[in-house]
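To keep things clear, I will list the structure first and then write my remarks on it.
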Amino acid sequence: MKTETNTKSNTEKTRSMTILAMFIAIILVMTFVPYLGYIQIPNFPSILLIHIPVLIGGVILGRKAAIILALVFGVGSLLKALYSPGLDYLFIFPWVSVLPRVLWGMMIYDVSRLFQKLISPRLLALSVSFVLLTVIHTLLVVPLLFSAFPLAFGVNIADNVGSANLDWINTVNSLSGFFAVLGGIFTTNGVIEAVLAGSVGAIVANRVMISREQVAESD
């Protein structure tokens, strides 16, 4: 009986590691293949789709996996920023691209589990938690762009952001202009990302969780 239990435990660990590797691969592909994980729009940071596999993987695989996936997300965002135009260039600063994503990853599993205890059915709980987690992600990331603005303006970034974008950025190089940008990001990027996570992300996560439960029962 003990040997059988150990075998099942090892099988589940192997299965979880395989799924984690799959999600890491998906995040990397979505990072570096144009318009898969980041949809670029003029004068704003890209609209994200890449947070959806991070949410799904984190909910399915647990807290540690969520942090790993969020770290991959953040590092990939930093690397992508090195050759990205517009405001995406500001993510070259690790406290904008990596730090808030790791902090966010620490919350994913626990927030999702909390709502699964409070709300039924599970699909609705996942939908609500994914929307809330996406809003939290936006709240963590966007204000940190403020710290990147002075550093970016302190160097010549025309080659990175493009002359047209540079002219626009210079027009909002003020506190009022900055808050106008933040408000625009919250009402465009933030809303779109939350809706996609709460619909597509929650449906996929629920379907994968059902499949894993069925596999576990068959074992």
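Under the numbering used here, the first residue of the sequence shown carries the number 3, and numbering increases by one thereafter. Glycine included, C-beta positions come from ideal geometry on N, C-alpha and C.
Could you say if the segment 54-63 and the segment 78-97 meet the contact criterion of at least three C-beta pairs nearer than 8 Å?
-> no
Run the CB neighbour count on glycine 185, radius 10 Å, all protein chains shown included, and call it buried at 16 or more, exposed below.
-> What you label residue 185 is simply residue 183 of the sequence shown in a count that begins at 1. Exposed, since its Cβ has fewer than 16 Cβ neighbours within 10 Å.
Cut-off 6 Å between Cβ atoms - residues of its own chain near proline 36, not counting five sequence neighbours on either side = Here residue 36 refers to the residue found at position 34 when the sequence shown is read from its first residue. Closer than 6 Å at Cβ, skipping near neighbours: no residue.
Please classify valine 174: does DSSP put it in a helix, a strand, or coil?
-> Residue 174 sits at position 172 when you count from the first residue of the sequence shown. In this prediction, valine 174 has a pLDDT of 49, which is less than 50 and means its spatial position is unreliable; nothing more can be read from the coordinates.
With distances taken between CB atoms, is the gap from isoleucine 21 to leucine 51 smaller than 8 Å?
-> Position 19 of the sequence shown, counted from the first residue, corresponds to residue 21. Position 49 of the sequence shown, counted from the first residue, corresponds to residue 51. No, they are not a contact pair.
Backbone CA spacing between isoleucine 28 and lysine 82 [nearest angstrom] | Within the sequence shown, numbered from 1, the residue matching residue 28 stands at position 26. Within the sequence shown, numbered from 1, the residue matching residue 82 stands at position 80. Looking at the two C-alpha atoms, the distance is approximately 15 Å.
Backbone CA spacing between alanine 196 and valine 133 [nearest angstrom] = Counting from 1 along the sequence shown, the entry for residue 196 is found at position 194. Counting from 1 along the sequence shown, the entry for residue 133 is found at position 131. The alpha-carbon atoms of alanine 196 and valine 133 are separated by roughly 5 Å.
Do you know whose CA, among Gln216, Val130, Arg103, lies nearest tyrosine 116's CA?
-> Along the sequence shown, read from residue 1 onward, the residue named residue 116 stands at position 114. Note that residue 116 is leucine in the sequence shown here, rather than tyrosine. The option with the nearest alpha carbon to leucine 116 is Val130.
For the beta strand (DSSP E) that serine 48 lies in, which residues bound it at each end?
-> Indexing the sequence shown from 1 puts residue 48 at position 46. Here the beta strand (DSSP E) through serine 48 covers 46-50.
Using CA coordinates, which residue listed in Val217, Leu135, Arg214, Ser213 is at the minimum distance from valine 193?
-> Locating residue 193 in the sequence shown gives position 191, where the first residue counts as 1. It is Leu135 whose Cα lies nearest to the Cα of valine 193.
Taking the CB atoms as reference points, tell me whether isoleucine 138 and methionine 109 lie closer together than 8 Å.
-> As a position in the sequence shown, residue 138 is number 136, starting the count at 1. As a position in the sequence shown, residue 109 is number 107, starting the count at 1. A contact, by the Cβ cut-off of 8 Å.
Of the listed residues Pro145, Arg124, Ile212, nearest to valine 98 (C-alpha basis) | For the purposes of this step, residue 98 is taken as the residue at position 96 of the sequence shown. Of Pro145, Arg124, Ile212, the residue nearest in Cα terms is Pro145.
What is the DSSP secondary structure of tyrosine 40, counted as helix, strand or coil?
-> Within the sequence shown, residue 40 is the residue found at index 38, counting from 1. In the structure shown, tyrosine 40 sits in a strand (DSSP, three-state: E or B).
Thinking C-beta only, is serine 114 closer than 8 Å to leucine 105?
-> As a working mapping, residue 105 is identified with position 103 in the sequence shown. As a working mapping, residue 114 is identified with position 112 in the sequence shown. No, the pair does not count as a contact, with Cβ atoms beyond the cut-off.
Reducing DSSP to helix, strand and coil, say where glycine 60 ends up.
-> In the sequence shown, the residue the question calls residue 60 occupies position 58. Three-state DSSP puts glycine 60 in a helix.
Taking the Cβ atom as the reference point for each residue, do valine 74 and leucine 142 lie within a distance shorter than 8 Å?
-> Taking the first residue of the sequence shown as position 1, residue 74 is located at position 72. Taking the first residue of the sequence shown as position 1, residue 142 is located at position 140. Not closer than 8 Å, so no.
Apply the 10 Å Cβ neighbour rule to valine 217 and answer buried if 16 or more other Cβ atoms are within range, or exposed otherwise.
-> Mapped onto the sequence shown, residue 217 falls at position 215. By the neighbour-count rule (16 or more Cβ atoms within 10 Å), valine 217 is not buried but exposed.
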